[in-house]
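Engineer: Okay, here's the structure, questions in a sec.
2 protein chains.
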Amino acid sequence: MSASLPTDLARQLGDDVVYNDAEVLDAHRHDYWVLAHLDDLEGRGAPRPLCVVRPRTVDHVVACVNACRNAGVAIVPAGLRSGVCGGVEAHPERVLLDLSSLDRTRGIDSHNLLGAFDAGKRGIDAEREVEARGLTIGHWPQSIAVSSVGGWVATRASGQFSTANGNIEDIVHTIEAVLADGSTITAGKAPRAAAGPDLRHLLLGSEGTLGIITGVTLALRRKAEAQDYSAYTVPNLTTGFEFQRELVQSGWTPPVMRQYDAVEAQRSFAAHAKPDAGILILVHEGPATRVAAEVTATDALARRCGLGGVDTRAVTDWLDHRNTVPHWRAFLDKRIVVDTAEISASWDRIGAIYDAVIASLNEVPEILNASAHSSHVYRTGLNLYFSFAVRPRDAAEMRVRYLDCWRRIVMATADHGGSIAHHHGIGRLRRDYLELDLGATGVEALRAVKRALDPNDLFNPGVLIPAAAGHPADA
Amino acid sequence: MSASLPTDLARQLGDDVVYNDAEVLDAHRHDYWVLAHLDDLEGRGAPRPLCVVRPRTVDHVVACVNACRNAGVAIVPAGLRSGVCGGVEAHPERVLLDLSSLDRTRGIDSHNLLGAFDAGKRGIDAEREVEARGLTIGHWPQSIAVSSVGGWVATRASGQFSTANGNIEDIVHTIEAVLADGSTITAGKAPRAAAGPDLRHLLLGSEGTLGIITGVTLALRRKAEAQDYSAYTVPNLTTGFEFQRELVQSGWTPPVMRQYDAVEAQRSFAAHAKPDAGILILVHEGPATRVAAEVTATDALARRCGLGGVDTRAVTDWLDHRNTVPHWRAFLDKRIVVDTAEISASWDRIGAIYDAVIASLNEVPEILNASAHSSHVYRTGLNLYFSFAVRPRDAAEMRVRYLDCWRRIVMATADHGGSIAHHHGIGRLRRDYLELDLGATGVEALRAVKRALDPNDLFNPGVLIPAAAGHPADA
């Protein structure tokens with residue numbers, strides 16, 4: 256069935272939508288998962304897709320979905336492929352649906368604070384257009400220059416200003432998607448509704464498995480009247496967590512509040528950090544009088560907690576460099592495998608998770624680095640963002656060591672009651688651990704929803720949802 | 256199959272869990288929908304259920320679900336039956352599952368700000384227990400004295416302090432529910448996760464159709480350090496809306512911001528209102544210095560917008576009386592049928608919706624009142640809460656007039672792009688209008704999810720989900 260599909264699609268959609276040349280096929284084989292890069296380097300990289308379809312309209316997407324369904328050919332949807340968990344991986348019998356050219360701005364509404372975009376719109380481009388009107392999306396993933404607004408929704412992304420602005424589920428107003436039967440759903444029409452379950456949440460975090468997201472309307476903000484900064488040294492993580500907990504539970508909402516352990520403080524804030532101490536940086540935003548009140552309250556609390564003052568250039572330095580995305584290849588070429596892993600937990604569990612994960616990572620042979628910072632704070636808890644680096648003497652061990660590090664992080668987090676995925680999603684990397692978060696009943700409910708909306712497994716097979724017992728896992 | 260079920264259930268669960276006496280059956284026939292009360296008055300009230308099952312443990316719920324599924328008998332789940340849209344209506348062949356005795360406090364955690372309750376816990380009781388520890392749930396539906404925490408989740412409730420504290424979906428941390436196959440799901444385990452679609456949203460707003468909610472963990476707040484008030488007269492709604500929009504879009508978040516039209520201002524704030532003018536009341540809460548900054552900014556904006564000052568006793572009077580629930584029977588006995596209808600829309604549409612709804616209601620013969628206030632404000636728009644009262648000369652016309660008023664409110668709202676349900680849910684009242692909010696594809700997706708999770712229509716048939724074309728609507 257699949258052999259003639261590229262030709263049929265090209266006839267229907269045009270040669271400028273359907274691509275079969277090796278260069279395009281090669282370039283779209285995977286996302287930014289470090290393991291995909293390692294596999295490339297080791298000569299066992301992901302195969303080329305059957306073809307690449309690059310729609311420029313929602314009608315193109317509908318036509319592609321219908322043609323693929325009729326041909327029994329699965330679709331791997333892809334935004335800008337900045338995901339880091341293997342949510343995009345090509346397959347020779349599947350169409351790679353590249354949404355990067357579905358990238359119009361549909362409208363920016365300064366009165367209602369709404370910005371409507373095609374799903375493939377690059378995040379930073381959307382933000383710049385909105386900023387030209389004195390507004391902001393307020394969503395700043397590190398990947399903003401290389402990720403799409405549709406990808407933010409598909410993966411349940413977080414931004415660096417989340418402590419005040421919320422995560423993508425708090426920012427998205429409307430989601431448009433094409434379902435497996437070729438119908439188009441538009442979920443979310445008003446500021447708030449109580450009209451049954453919120454259908455946006457079928458798509459938020461679905462990682463391309465339940466629908467092809469084609470359009471996203473975001474609730475914008477006016478650019479803040481004032482911005483100010485605070486920075487402190489922290490004698491130890493426990494003291495820092497108590498400061499963070501006290502500040503947010505008292506009702507203050509600095510959009511940025513990041514605590515780095517001593518290792519990362521030395522590495523990322525060398526000019527400001529004290530030996531063996533962590534560092535904590537905050538950005539305050541909002542009406543000027545509120546920002547002034549927050550800075551005063553923050554400083555008073557910091558003194559009570561015994562934190563030490565740091566030049567706020569630590570914060571502005573971070574602001575200037577915060578969207579730099581690591582180049583895996585620079586490490587891999589040196590036979591070092593690195594990654595980051597984000598988890599979340601309640602306040603009373605986060606310290607134990609930190610200790611358990613770091614201790615476990617340090618048992619990995621030839622580990623070069625095991626460290627963490629927290630970057631998303633809630634009144635009930637916060638995230639931790641672990642970094643690890645390993646350089647095995649035997650380079651052939653890189654893959655095994657990498658997966659071992661991940662297993663250690665996931666298991667130690669789950670053992671202590673945390674969630675194994677804060678904001679990068681599940682993809683293939685964490686798929687077989689999903690039950691640790693959702694429980695067996697939750698995974699089964701997700702499978703039931705998948706069967707209901709995509710009975711033929713048309714959309715992104717092998718991602719997110721673990722295979723049921725007795726069924727082989729898809730690659 | 257159903258005849259022996261009450262006896263079987265009583266044998267299994269005990270006589271103190273399964274009730275068959277007329278008094279209990281009569282008392283559980285319906286929720287607080289005004290039409291159910293009218294039907295009672297007119298002698299065609301809802302029938303008695305097959306039996307009332309009053310579980311005190313989650314195991315009781317599981318046993319009841321399994322027994323009913325095996326017997327092919329549907330379940331009508333009920334919390335404290337304060338819903339106003341007909342979400343609970345007994346049926347002689349269905350079990351009424353009364354969750355009011357599943358009402359333990361499972362734990363209150365002041366460190367992580369989490370309060371865990373059985374689903375049947377009365378809202379005000381949960382709030383008082385939390386307050387005794389210096390905390391608050393911060394969720395204040397008008398019904399707090401007569402509604403349950405599980406009901407809040409099942410209906411996607413809003414509270415009066417929502418503009419800062421969010422609605423129930425922003426407050427709920429974990430939802431435990433029994434699914435139709437008898438399995439128990441626990442959705443939501445950490446402050447935030449990106450582990451697939453957020454399964455809590457299968458239950459939030461599901462109105463008993465997708466699972467029986469048995470437990471709810473809420474994210475609490477510390478009691479605010481300071482509370483202050485503002486109150487103004489408003490020359491017209493447009494000016495008031497502009498003030499509200501400017502205040503929230505500037506980044507201020509008073510938890511309460513309520514604007515009443517001139518009719519309601521005269522009725523509810525007689526001591527403070529000016530003739531032909533509306534009234535706007537605000538509550539500010541939070542750290543003292545932030546509250547002071549917010550009050551100053553609010554007052555300055557009010558002056559710029561030409562609002563007039565009002566004694567803040569208007570606010571404290573409202574705070575003292577805000578949880579009074581109207582007694583339908585007091586009106587119905589006078590042959591007056593009354594109700595409220597809450598909708599939401601973006602800022603640029605709300606004025607047109609107000610005008611269209613009020614004009615349309617005023618065309619209804621023998622209308623006594625058509626008025627509105629707004630009570631939940633977002634940066635992209637706000638809600639309107641319409642009130643109407645009709646006294647037909649021919650009392651037999653009350654039902655027809657009631658449904659006509661509702662039709663007018665829903666259609667005028669949808670015609671102008673608003674959502675037809677802000678926070679009371681859908682029930683039976685708005686079921687056949689649901690497509691106006693979700694679209695045909697959205698309703699079909701909801702039906703698919705229902706079939707996936709509850710293939711035998713075991714849970715609350717006839718509620719929320721409209722019958723598919725060609726299928727008879729369930730009563």
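Line by line, the protein sequences give chains A and B. Heads up: the first sequence runs through residues 256 to 730, numbered per my numbering. Heads up: the second sequence runs through residues 256 to 730, numbered per my numbering. Cβ coordinates follow ideal geometry from the N, Cα and C atoms, glycine included.
(1) Can you give, in chain order, each stretch of the alpha helix (DSSP H) that sits fully within the segment 528-601 of chain B and has at least 4 residues?
(2) I need the straight-line Cα distance from Asp554 of chain A to Asp531 of chain B, nearest angstrom please.
(3) According to DSSP, which residues form a beta bridge with Asp286 of chain B?
(4) Give the straight-line distance between the Cα atoms of Glu386 of chain A and Val385 of chain B, rounded to the nearest whole angstrom.
(5) Could you pull the start and end residues of the beta strand (DSSP E) that Gly682 of chain A belongs to?
(6) Distance, Cα to Cα, Asn420 of chain A vs Ser523 of chain B?
(7) Can you tell me where the alpha helix (DSSP H) with Gly406 of chain B in it begins and where it stops?
(8) Any idea what DSSP makes of Thr696 of chain A, helix, strand or coil?
(9) Could you check whether the Cβ of Lys478 of chain A sits closer than 8 Å to any Cβ belonging to chain B?
(10) For chain A, find out if any of its Cβ atoms is closer than 8 Å to the Cβ of Val414 of chain B; answer yes or no.
(11) Quick one: list the residues of chain B neighbouring Val704 of chain A, beta-carbon separation under 7 Å, in chain order.
(12) Take the Cβ of Leu713 of chain A as the centre, count every other Cβ of all protein chains shown within 10 Å, and call the residue buried at 16 or more, exposed below.
(13) Does chain A have any CB closer than 8 Å to the CB of Ile363 of chain B?
(14) Rounded to whole angstroms, what is the Cα-Cα separation between His456 of chain A and Glu297 of chain B?
(15) Name the DSSP bridge partner or partners of Gly636 of chain A?
(16) Taking buried to mean at least 16 other C-beta atoms within 10 Å of its own C-beta, is Arg349 of chain B buried or exposed?
(17) Return the first residue and the last residue of the beta strand (DSSP E) that Gly362 of chain B is part of.
(18) CA-CA distance, Arg303 of chain A and Leu658 of chain A?
(19) Kindly say whether Lys444 of chain A, judged by its beta-carbon, lies nearer than 8 Å to any beta-carbon of chain B.
(20) Considering only residues of the segment 302-364 of chain B, which uninterrupted beta strand (DSSP E) runs meet the minimum length of 3 residues and lie entirely inside it, listed in chain order?
(21) Residues in the same chain with beta-carbon distance under 6 Å from His346 of chain A, minus the five sequence neighbours each way, listed in chain order, please.
(22) What does a CB cutoff of less than 6 Å around Lys529 of chain A pick up in its chain, not counting 5 residues either side in sequence?
(23) Does Ala730 of chain A have its Cβ less than 8 Å from a Cβ in chain B?
(24) From what residue to what residue does the beta strand (DSSP E) around Ile430 of chain B run?
(25) At least one CB of chain B closer than 8 Å to the CB of His631 of chain A: is that the case?
(26) From the beta carbon of Asp712 of chain A, is the nearest beta carbon of chain B less than 8 Å away?
(27) Would you mind reading off the limits of the alpha helix (DSSP H) that contains Gly378 of chain B?
(28) In angstroms with no decimal places, state the Cα-to-Cα distance between Ala730 of chain A and Ala435 of chain B.
(29) Determine the closest residue to Gly414 of chain B out of B:Glu431, B:Ala374 and B:Ser398, with distance taken between C-alpha atoms.
(30) Quick check on DSSP: helix, strand or coil for Gln499 of chain A?
(31) Are there three or more Cβ pairs, one per stretch, closer than 8 Å when the segment 622-642 of chain A is compared with the segment 372-380 of chain B?
(32) List the residues of chain A that Leu693 of chain B touches, going by C-beta distances under 8 Å, in chain order.
(33) Using a threshold of 8 Å, state whether the C-beta atoms of Thr469 of chain B and Val433 of chain B are closer than that.
(34) Closer than 8 Å, CB to CB, is Pro581 of chain A near chain B or not?
(35) Anything in the segment 663-684 of chain B with a Cβ closer than 8 Å to a Cβ of chain A? List those residues in chain order, please.
(36) Please state whether DSSP places Ala730 of chain B in a helix, a strand or coil.
Structural biologist: Short version:
(1) Complete alpha helix (DSSP H) runs here, min 4: 543-559, 568-576 and 583-587.
(2) 49 Å
(3) In the DSSP output, where bridge partners are listed per residue, Asp286 of chain B has none listed.
(4) Going by the C-alpha atoms only, they are around 42 Å apart.
(5) Here Gly682 of chain A belongs to no beta strand (DSSP E), and DSSP marks it neither H nor E.
(6) 35 Å
(7) Val404 to Thr410
(8) Three-state result, Thr696 of chain A: helix.
(9) no
(10) Going by the sequence as given, residue 414 of chain B is Gly instead of Val. With a threshold of 8 Å between beta carbons, Gly414 of chain B makes no contact with chain A.
(11) From the beta-carbon of Val704 of chain A, the residues of chain B found nearer than 7 Å are Val704 and Ala707.
(12) buried
(13) It does not: the Cβ of Ile363 of chain B has no partner Cβ on chain A nearer than 8 Å.
(14) The straight-line gap from Cα to Cα measures roughly 42 Å.
(15) A:Ser601 and A:Tyr633
(16) buried
(17) Thr360 to Asp364
(18) 24 Å
(19) Chain B, which has a Cβ nearer than 8 Å to the Cβ of Lys444 of chain A, makes this yes.
(20) 306-308, 330-333, 350-353 and 360-364
(21) none
(22) Thr488
(23) Residue confidence is low: Ala730 of chain A scores 48 on pLDDT, short of 50, so the model does not pin down where it sits. Its coordinate-derived value is still stated next. When Cβ-Cβ separations below 8 Å define contact, Ala730 of chain A makes no contact with chain B.
(24) Val427 to Val433
(25) Answer yes: the Cβ-Cβ gap between His631 of chain A and chain B drops below 8 Å somewhere.
(26) No, its Cβ sits nowhere closer than 8 Å to a Cβ of chain B.
(27) Unbroken alpha helix (DSSP H) run through Gly378 of chain B: Gly378 to Glu386.
(28) Legend: pLDDT at Ala730 of chain A = 48, less than 50; position of this residue unreliable, value from coordinates given subsequently. Answer to the nearest angstrom: the Cα atoms are 32 Å apart.
(29) For Gly414 of chain B, the nearest C-alpha among the options comes from B:Ser398.
(30) helix
(31) no
(32) Ala442, Ala450, Gly451 and Leu454
(33) yes
(34) no
(35) Closer than 8 Å at the C-beta level to chain A, one finds these residues of the segment 663-684 of chain B: Gly672, Gly673, Ser674, Ile675, Ala676, His677, His678, His679, Gly680 and Ile681.
(36) Residue placement at Ala730 of chain B cannot be trusted, given a pLDDT of 48 that sits under 50; the coordinates are not used to answer.
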